[in-house]
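Residue numbers for the sequence shown follow the working numbering, so the first one is 54 and each next one is one higher. Backbone N, C-alpha and C fix where the C-beta goes; we use that ideal spot for every residue, glycine too.
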Amino acid sequence: MARILLVDDDEALLAVLQLAFGEAGHEVLVARDGREGLTLCERERPSLLVTDVNMPRLDGFALVRTLRERGDTLPILVLTARDDEIDEALGLELGADDYVTKPFSNRVLLSRVAALLRRQALRAGDERSARAPRHVGELELDEERLEVRWRGHAIETTMTELRLLETLTRRPGIVLSRDAVLERIRGDGTVVAPRIIDTYVNRLRRKLEAIDPAFDRIETVIGAGYRWRDP
């Protein structure tokens with residue numbers, strides 16, 4: 054059972070989600086604006102945050118930004134109704150882990166939350182996996198511990214960013230379409246715009262370039278997709 058914090062000013066939606074998460078065996082905390090959500094994050098230490106964007110006093114983006122600026126690695130899923138909000142939510146400045154677009158089914162939301170909780174459990178595990186980290190040239194991927202290193206330097210990545218790196222480096226030199234990458238990194242059958250991959254790639258590049266300004270291994274193939282370039 055996980056402790057899940059729901060932040061939304063829509064009372065009807067909160068009631069539905071409280072029931073759905075409760076029936077799934079989770080403890081549910083509720084906040085009706087971002088400021089209240091921030092207080093509950095600090096006081097109750099939830100396992101995962103689900104937040105809407107448009108709310109009074111402190112909106113969802115400001116809530117996510119504040120948590121990340123404080124170094125909080127709490128898994129965050131954003132509920133959004135607009136495509137431009139998706140890019141901002143997943144962008145480097147905010148760094149939410151995932152999103153679900155409105156309207157959505159409870160099944161889809163529960164599936165996304167379960168996936169984030171599984172990955173968080175791996176990250177927080179006390180015992181190291183017997184599987185050795187995988188090396189692709191100067192890139193090190195510890196898929197069990199969800200850790201990434203480039204030329205020996207640790208890189209803070211979200212779960213989705215790690216899965217993107219795993220997907221590209223499994224087939225170096227091979228061009229993968231956005232649809233193919235999306236299927237591998239999400240894999241829950243939900244329909245989202247393939248262009249969201251561009252947001253993930255751009256965010257990942259910026260993190261790697263912050264360590265190595267000459268980093269160029271993730272190559273865009275115009276009209277086709279992306280590939281991990283061999284040195």
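Could you spell out where the beta strand (DSSP E) holding residue i opens and where it closes?
i: G278; result: G278 to W281
i: L58; result: R56 to V60
i: T104; result: L101 to D105
i: V189; result: R187 to V189
Does the Cβ of residue i have 16 or more other Cβ atoms within 10 Å, making it buried, or fewer, making it exposed?
i: S182; result: Any reading at S182 must be qualified, since the residue scores a pLDDT of 44, below 50, and its modelled position is unreliable; no value is offered.
i: E64; result: exposed
i: I249; result: buried
i: D269; result: exposed
i: S100; result: buried
i: L72; result: exposed
i: V201; result: buried
i: T92; result: exposed
i: H79; result: buried
i: G75; result: exposed
i: L261; result: buried
i: G276; result: exposed
i: D232; result: exposed
i: A5; result: There is no way to answer for residue 5, as the model of the chain reaches only from 54 to 284.
Would you kindly report the start and end of the unbroken alpha helix (DSSP H) that includes residue i?
i: R118; result: G113 to E122
i: T220; result: M212 to R223
i: T252; result: I249 to I264
i: I227; result: Per DSSP, I227 belongs to no alpha helix (DSSP H) and is neither H nor E.
i: L235; result: R231 to I238
Among the options, which one has its Cα closest to the Cα of residue i?
i: D251; options: P266, A267 and V274; result: V274
i: T133; options: G124, M108 and L221; result: M108
i: G278; options: V228, A267 and V254; result: V228
i: T211; options: G205, A233 and G148; result: G148
i: K155; options: D61, A263, I238 and L215; result: D61
i: F114; options: I208, D195, G90 and V234; result: G90
i: A263; options: I57, A55 and W203; result: W203
i: G124; options: E191, Y152 and E95; result: E95
i: H188; options: R56, A174, A233 and D283; result: D283
i: A77; options: D151, N159 and P186; result: N159
i: R110; options: E97, E122, R98 and D86; result: D86
Just list the residues that DSSP pairs residue i with in beta bridges.
i: Y152; result: V131
i: D195; result: E200
i: T273; result: Y279
i: A84; result: V60
i: I208; result: V201
Mind checking if residue i is an interface residue toward chain B, Cβ cutoff 8 Å exclusive?
i: L163; result: Given the protein chain composition of this structure (a single chain), no chain B is represented.
_Stretch-stretch touch, CB-based, cutoff 8 Å, three pairs: the segment 121-129 with the segment 100-109_ = yes
*Examine the Cβ distances between the segment 110-124 and the segment 156-173 and report whether three or more of them are shorter than 8 Å.*
No, they do not touch.
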